[in-house]
Amino acid sequence: MVSTSTSDASWLPSLSLPQLLLAAYTVLMLIALVYAASTSSAAFGAYNSQWDGAGELQNVAADAGTNVTVGTNVSQYPTSNADGTVAVVLSPAEPYSASERTRIAEFVRSGGTLVVAEDYRPHGNALLAAVSADARFDGRPVYDNRNYYRDSSFPEATPAGDYPETAGVDTVVLNYGTTVRAGNATTLINTSEYAYLDSNGNAEIDGEEQLASRPVVTSESVGDGRLIAVSDPSIFVNAMLERGDNRRFVRNLVADHDAALLDYSHASSVPPLAAAVLAVQRSDALLLLCGVVLVGALLAYDRRLDERLPERLRESRGYNTDPHLSRDGVEQYLRARHPDWEAAQIKQVTEAVIKQRAERQRND
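Position 268, counted from 1, in the sequence shown is what my numbering calls 267; the numbers after and before it change by one each time, with no gaps.
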């Protein structure tokens, strides 16, 4: 008896409908797991593409010509020759330790630019104090009943002068932000004179609340570096980047720097897959280990492919004949299978089949 091949892909497994459905479901589940492990729903998250995430911030920084790094450890702050680096901290969810605050202060004093965006959490002010900045976040919501985007909780602020950070910026839109108590810091952007701080939380001006123009972005020198305080981290989220000139303002903050460090070391958790990739990028040893494992897997796969490919080719081409066929039987099979072949070609293939059969028998 002769074993024949019905198609060029006859060596592929034949799956029933339930098996195909199970395979499709498995693939979809794997895609969902990878997506869940590589994205985040945390507000201000670097891997959150929703309206309240800051996934677009990486693109804005990259478009400004900077080398962007998502930082998950304060050790990534350079403490020497830091004048080409800008670090961005968006409303840290946890306090920085004493040693971490010391390292960040060294980064600023050695020439780095630190941008701290905060509204109501206390950790932003603690960081400002740690680097010896004068500015502090007020912590009360600011409203403007005259100049706003959608309603008074989205006040529009304008540049206080001509600065690199405000180039091309006419309006910055806040989203339930606060203000900055500037101290000796320079005001870059402030509200209109119709803004007020809502001390009692009723979203109305009353009592001792007063209308006044107040700073929302300040800048000051600290050592050889600079500290920029932004009184609303929402300016950096995906949706708010499209309001007013927020995108241009954020771009200006990171422009003219060689590197941008987006500090998520004390923010909501980074997705597992992203955290693993970042850990490998930070560690030469892990990078080498992954390279060795990958090369080993490729070599093993290549060896297995080399072992099975000739057999699959023989099967797909129809040369997988019954091992008990005689030479005449093989020739008869080839004539029936390929009536258009010349006698010399049939003889040549027959010799090849007999030779391969003998080699397999010796190997067995």
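The C-beta atom is built at its ideal place from N, Cα and C for all residues, glycine as well.
In this text the structure is predicted, and so the values were computed from the model without any measurement.
Roughly how far, in whole angstroms, is the beta-carbon of residue i from the beta-carbon of residue j, given that I think they are within contact range, below 8 angstroms?
i	j	result
residue 69	residue 263	6 angstroms
residue 154	residue 147	5 angstroms
residue 198	residue 139	6 angstroms
residue 247	residue 168	5 angstroms
residue 179	residue 215	6 angstroms
residue 217	residue 186	6 angstroms
residue 188	residue 238	Rounded, the Cβ-Cβ distance is 19 angstroms, inconsistent with contact.
residue 90	residue 143	So it is not a contact: roughly 22 angstroms between Cβ atoms.
residue 130	residue 107	5 angstroms
residue 111	residue 81	4 angstroms
Going along the chain, which residues of its own chain have a beta-carbon closer than 6 angstroms to the beta-carbon of residue i, five neighbours each way excluded?
i	result
residue 58	none
residue 93	265
residue 137	177, 178, 180
residue 343	none
residue 351	none
residue 35	Note that residue 35 scores a pLDDT of 45, beneath 50, so its modelled location is shaky; the value from the coordinates is reported in the next line. So the list is empty, once near-sequence residues are dropped.
residue 160	none
residue 308	Bear in mind that the predicted position of residue 308 carries a pLDDT of just 47, short of 50, making it too unreliable to give a figure here.
residue 48	54
Spatial neighbours of residue i within its chain, please: CB distance less than 8 angstroms, with the 5 preceding and 5 following residues excluded, ordered by chain position.
i	result
residue 64	254
residue 203	197
residue 151	142, 143, 144, 202
residue 326	349, 353
residue 133	181, 182, 183, 184, 219
residue 101	129
residue 103	73, 76, 86, 95, 113, 126, 129, 130
residue 329	320, 349, 352, 353
residue 358	none
residue 210	192, 193, 194, 195, 204
residue 109	77, 78, 79, 80, 81, 82, 222, 223, 224
Who does residue i pair with in a DSSP beta bridge?
i	result
residue 259	67, 85
residue 154	147
residue 196	141
residue 136	179
residue 116	89, 229
residue 172	155
residue 338	DSSP, once it has assigned bridges, lists no residue as partnering residue 338.
residue 219	226
residue 186	217
Among the candidates the options, whose CA atom is the shortest distance from the CA of residue i?
i	options	result
residue 117	88, 165, 49, 74	88
residue 364	265, 111, 333, 355	Lying outside 0 to 363, the shown extent of the chain, residue 364 is not represented and no answer is given.
residue 78	208, 171, 224	224
residue 194	145, 184, 230, 171	145
residue 55	82, 236, 109, 76	236
residue 220	170, 127, 174, 22	127
residue 228	353, 48, 182, 26	182
residue 251	121, 62, 110	62
residue 149	341, 339, 208, 175	175
residue 66	232, 45, 260	260
residue 51	231, 205, 339, 206	231
residue 119	81, 249, 200	200
residue 135	249, 226, 160, 342	226
residue 249	341, 338, 53, 208	53
For residue i, which residues of its own chain have a beta-carbon under 7 angstroms away from its beta-carbon, when the five flanking residues on both sides are left out?
i	result
residue 304	Bear in mind that a pLDDT of 49 at residue 304, under 50, signals an unreliable position, so the model cannot answer this.
residue 83	256, 257, 258
residue 354	none
residue 5	Any answer about residue 5 is weak, because its pLDDT of 43 lies below 50 and its placement is not dependable; what the coordinates show is given next. No residues qualify anywhere along the chain.
residue 245	171, 172, 234, 239
residue 105	78
residue 60	67, 253, 259
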